[in-house]
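J.: Residue numbers (our numbering), protein chains in the order written: chain A, 461 to 775; chain B, 32 to 97; chain C, 249 to 508. Provided herewith is a single structure, encoded as structure tokens, for subsequent inquiry.
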Amino acid sequence: MTLVEVSGLKKSFHGTEVIKGLDFSLERGKCIALLGPNGAGKTTTLRMLSGLMKPTSGSISFSNYGKGEDIRHLIGYLPQFPVYFDWMTAKEFLQYVGRLAGLSSREAKGRTMELLKRVGIEEATNRRIAKFSGGMKQRLGIAQALIHRPLLLMLDEPVSALDPFGRREVLELLEELKKETTILFSTHILNDAEEVCDKILFLHKGRIVESGTMEELMYRYTEAKIDFSFNQKADKYETLFAASPLVNSFKIQGDTVTVEVTNLEKARSYFLNRIAEENWSLSKFEISSMTLEDIFMKVVGNDEPVDNTITKRIG
Amino acid sequence: MNQIEGINIAVLAPVLIINLILIIVAVIDLVRVENTRGPKWLWALIILFVNLIGPILYFIVGRRNN
Amino acid sequence: MMSQWITLLQKELVEMWRNFKWLWVPITFILLGVKEPLTSYYMQPILDALGGLPKGAVIKLPEPSAAEVLVEGLSSYTSIGVLIIVLTTMGIIAGERKSGVAAMILVKPVSFISYVTAKWMGGLILLVFSFFIGYLATWYYTGILFEWISFGDFLHSFLLYSLWLGLILTFTVFCSSLFLVPGTAGFISIATVLIYTLISGTLTKWMKWSPSMLTDYANQLLAGQSLPTAANPAAAITVTATIILLTLSVVVFRKKELAA
């Protein structure tokens, strides 16, 4: 079921188009990563979705929500650099925000204690926010975004500023939150997206250049590859690879050969047999599928350097 | 000062006390606050030695709100 | 919506308590006003005590009237008092927007009208409270050291001055909503008030209903004269201008992009 439908979304600042027409939809209950390098337009996109910025053109529509209605009831948002009233305590801030979001004072109190525990800053309940560390502020930020049980939780680079330890904890928290609400979070780090998300939107220079679930992307981009490393120059095996019907193309580089195949399973047993039978002088035999990073580079980098290796494509 | 005749301490005392409260409040705030515009010790001197204007100047200029 | 507005106002009031505004602003207003009757009264004994004058040479200061002392005390509210009002109010909206905390608050379903008007109300309460306490102390000191001005005239003049000071506060809130930098908002506010008061003061014939004339009318009242007939229309215009400026503050704020 679709929660949000975005179409033709554009945003210009002083005549420069930063977001150049986005079309995507967010499925209810899914965790979606907005992935892209710095400057791709992630923050701007999230700000438009949260209502903090008005799109230059295009539409954002929430299902079952009319045009005039206040979508802010449905949204929890954590900006990249959350700012608080430093003079408040964590408890005061959450209660304040809860009241503003329409909770009764009793509900706000209950929800505050619940969330402080949930994000793991219970011990800082009555501490002034001025004394909080970056990680604690990030957790408080997640808590304030969740206070009114939003349908869509949006987080702008929630883990980028954290040390590895804090990052681990926040990712685990997201993993848990996935079960309750739809999450859209932006990141420039592939592993984070890969780890918690069902679906990835690749944003690059204001456009969505690729999107899909992890499996879809893998399937779309995986060209099953087998790497051979020999103990000698690999040239003498050239005819052998060229003759094999299972090989799509291959690349010889010194003593290594990279072979692209169509059917990985068949190719593997075929080559393992030959290796055993003919006693190839191999030092390494490796089946590699593409990592998300390879896909990312492929999708984003149009200016890949040309490598000067022998590449032969077969029929 | 006791040469000055006709000055009634009962009249002046409340004003002096209020002035003192202002200075104390400014000092307490200066101690509590994380950072100020300009060095803290300078503000301490201004609050303590520039009568009346000192504490007010601190609250308006020296104090960084958020 | 009402409960949200009260939540917003409460936050303003608590914030002013935490940063001691509830203490230092009223105290400043007391000291500003009370200074006048005290120095006027004690000028003679101080001069006598300091001496340094040849025997027999006596400086005799003319004894000011109670009304003169009170009006003089009030004048510090329309000068330094206004400066304090503007400087403490200029960041009320601009500051929160600049720091980014406004964005944190306004992604919640908070009405823009509530956000702006609650802030304005918080500032107004502090101003009226501080001015009342300060002026009351000045009136009291003038009473015990000089002569008592009737409490009715005190209240009436308090009201007229409050309308003018409230308008200045509202204008500062408007500037704070219009400009992103608190300093700009403050500078424009002070410059505008200054220029306006100057024009109003020189063109008295045409500016009878001007809000800035309210203080003149209050002074005349304290001096024992009857309140000029222009006072009521001037008061009505001041209230209208306040409402218009407050509305504009909301309109301008809503138009602005929150995340800059």
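Glycine included, every Cβ here is placed at the ideal spot set by N, Cα and C. Predicted model, so just to flag it, every value in this text is computed and none were measured.
(1) So, is the C-beta of Pro515 (chain A) closer than 8 Å to a C-beta in chain C?
(2) Does Lys490 (chain A) come out as helix, strand or coil in the three-state DSSP assignment?
(3) Would you say Trp253 (chain C) reaches chain A, if we count a Cβ-Cβ gap shorter than 8 Å as a contact?
(4) In three-state DSSP terms, what is Gln713 (chain A)?
(5) Can you name the residues of chain A whose CB is closer than 8 Å to the CB of Arg345 (chain C)?
(6) Just the C-alpha distance for Thr722 (chain A) and Lys685 (chain A), rounded to the nearest angstrom, thanks.
(7) Identify the contact partners of Arg266 (chain C) in chain A, using a Cβ-Cβ distance below 7 Å as the criterion.
(8) My guess is that Leu286 (chain C) and Tyr444 (chain C) are in contact by the Cβ rule of under 8 Å, so how many angstroms apart are they, rounded?
(9) Under 7 Å between beta-carbons, which chain C residues line up against Val56 (chain B)? List them in chain order, please.
(10) Output yes or no for whether 8 Å exceeds the beta carbon distance between Ala437 (chain C) and Met338 (chain C).
(11) For the beta strand (DSSP E) that contains Val42 (chain B), what are its first and last residues?
(12) Could you tell me whether the Cβ of Gly714 (chain A) comes closer than 8 Å to any Cβ of chain C?
(13) Just to confirm, are Ser510 (chain A) and Ile535 (chain A) a CB contact at a threshold of 8 Å?
(14) In the DSSP assignment, find the alpha helix (DSSP H) that holds Ile381 (chain C) and state where it starts and stops.
(15) Beta-carbon separation of Leu446 (chain C) and Leu413 (chain C) under 8 Å?
(16) CA-CA distance, Pro45 (chain B) and Ala57 (chain B)?
(17) Check whether the Cβ of Phe90 (chain B) lies closer than 8 Å to any Cβ atom in chain C.
(18) Tell me Ser485 (chain A)'s beta-bridge partners as DSSP assigns them.
(19) Got a sec: is the Cβ-Cβ distance from Ile87 (chain B) to anything in chain C below 8 Å?
(20) Looking at C-alpha atoms only, which residue of A:Glu567, A:Tyr544, A:Arg578 is the closest neighbour of Leu354 (chain C)?
(21) Which residue marks the beginning of the alpha helix (DSSP H) containing Phe402 (chain C), and which one marks its end?
(22) Is the shortest distance between the beta-carbon of Leu83 (chain B) and the beta-carbons of chain C less than 8 Å?
(23) Which residue marks the beginning of the beta strand (DSSP E) containing Lys786 (chain A), and which one marks its end?
(24) Is the distance from the Cβ of Val717 (chain A) to the Cβ of Ala736 (chain A) below 8 Å?
(25) Mind checking Asn66 (chain B): buried by the 16 CB within 10 Å criterion, or exposed?
(26) In the DSSP assignment, what residue or residues form a beta bridge with Tyr537 (chain A)?
(27) Below 8 Å, can you find three or more Cβ-Cβ pairs linking the region 496-507 of chain A to the region 671-680 of chain A?
(28) Does Ser646 (chain A) come out as helix, strand or coil in the three-state DSSP assignment?
(29) Please classify Asp483 (chain A) as buried or exposed, where buried requires at least 16 other C-beta atoms within 10 Å of its C-beta.
(30) For Val579 (chain A), which residues from the same chain have a beta carbon less than 6 Å from its beta carbon, with the 5 sequence-adjacent residues on both sides left out?
(31) Checking contacts by CB at 8 Å: is Leu279 (chain C) closer than that to chain B?
(32) Counting only beta-carbon separations shorter than 8 Å, does Val543 (chain A) have a partner in chain C?
(33) If the cut is a Cβ gap below 9 Å, which residues of chain C does Ile643 (chain A) touch?
(34) By the DSSP assignment, the alpha helix (DSSP H) with Thr495 (chain C) in it spans what residues?
(35) Write down the C-beta distance between Leu575 (chain A) and Leu606 (chain A) rounded to the nearest angstrom, noting that I regard them as a contact closer than 8 Å.
(36) Excluding sequence positions up to five away, which residues of its chain have a Cβ less than 6 Å from the Cβ of Val464 (chain A)?
T.: Based on what the coordinates show:
(1) So, not an interface residue.
(2) The answer is coil: DSSP assigns Lys490 (chain A) none of H, G, I, E or B.
(3) Chain A, which has no Cβ nearer than 8 Å to the Cβ of Trp253 (chain C), makes this no.
(4) In the structure shown, Gln713 (chain A) sits in a strand (DSSP, three-state: E or B).
(5) The contacting residues do not exist; Arg345 (chain C) stays about 11 Å from chain A at best.
(6) If you draw a straight line from the Cα of Thr722 (chain A) to the Cα of Lys685 (chain A), it is about 9 Å long.
(7) Those are Trp547, listed as they occur along chain A.
(8) Rounded, the Cβ-Cβ distance is 31 Å, inconsistent with contact.
(9) The contacting residues are Phe268, Leu271, Trp272.
(10) This sequence places Ser at residue 437 (chain C); Ala is not what is there. Less than 8 Å divides the Cβ of Ser437 (chain C) from the Cβ of Met338 (chain C).
(11) Per DSSP, Val42 (chain B) is not a residue of any beta strand (DSSP E); the alpha helix (DSSP H) it occupies stretches across 40-63.
(12) Interface with chain C (8 Å Cβ-Cβ cutoff): Gly714 (chain A) is excluded.
(13) Their beta carbons are under 8 Å apart, which means Ser510 (chain A) touches Ile535 (chain A) by this criterion.
(14) Per DSSP, Ile381 (chain C) belongs to the alpha helix (DSSP H) from 360-393.
(15) Going by C-beta atoms, Leu446 (chain C) is not nearer than 8 Å to Leu413 (chain C).
(16) Between the alpha carbons of Pro45 (chain B) and Ala57 (chain B) lies a distance of about 18 Å.
(17) Phe90 (chain B) has a beta carbon lying within less than 8 Å of a beta carbon in chain C.
(18) A:Glu465.
(19) So yes, Ile87 (chain B) belongs to the interface.
(20) Per the Cα distances, A:Tyr544.
(21) Note, Phe402 (chain C): alpha helix (DSSP H), 399-426.
(22) At least one chain C Cβ lies under 8 Å of Leu83 (chain B).
(23) Coverage of chain A is limited to positions 461 through 775, which leaves residue 786 (chain A) absent and any answer about it impossible.
(24) Taking 8 Å as the Cβ cut-off, Val717 (chain A) and Ala736 (chain A) do not qualify as a contacting pair.
(25) It is exposed - the Cβ of Asn66 (chain B) has fewer than 16 other Cβ atoms within 10 Å.
(26) DSSP output for Tyr537 (chain A) lists A:Met614 as bridge partner(s).
(27) Pairwise C-beta distances place the region 496-507 of chain A out of contact with the region 671-680 of chain A, as fewer than three of them are shorter than 8 Å.
(28) Note: Ser646 (chain A) maps to strand in three-state DSSP.
(29) The residue is exposed, with fewer than 16 neighbouring Cβ atoms inside 10 Å.
(30) Listed in chain order, the non-local C-beta contacts of Val579 (chain A) below 6 Å within the same chain comprise Arg599, Ile602, Ala603, local neighbours out to five positions each way being set aside.
(31) Yes, Leu279 (chain C) counts as interfacial toward chain B.
(32) At least one chain C Cβ lies under 8 Å of Val543 (chain A).
(33) Result: empty, since nearest Cβ-Cβ is about 16 Å, beyond 9 Å.
(34) 479-503 is the extent of the alpha helix (DSSP H) around Thr495 (chain C).
(35) Contact annotation, Leu575 (chain A) with Leu606 (chain A): C-beta distance approximately 6 Å; criterion of less than 8 Å satisfied.
(36) By the criterion of a C-beta distance shorter than 6 Å, Val464 (chain A) is surrounded in its chain by Leu486, Phe522, once the five residues flanking it on both sides are discounted.
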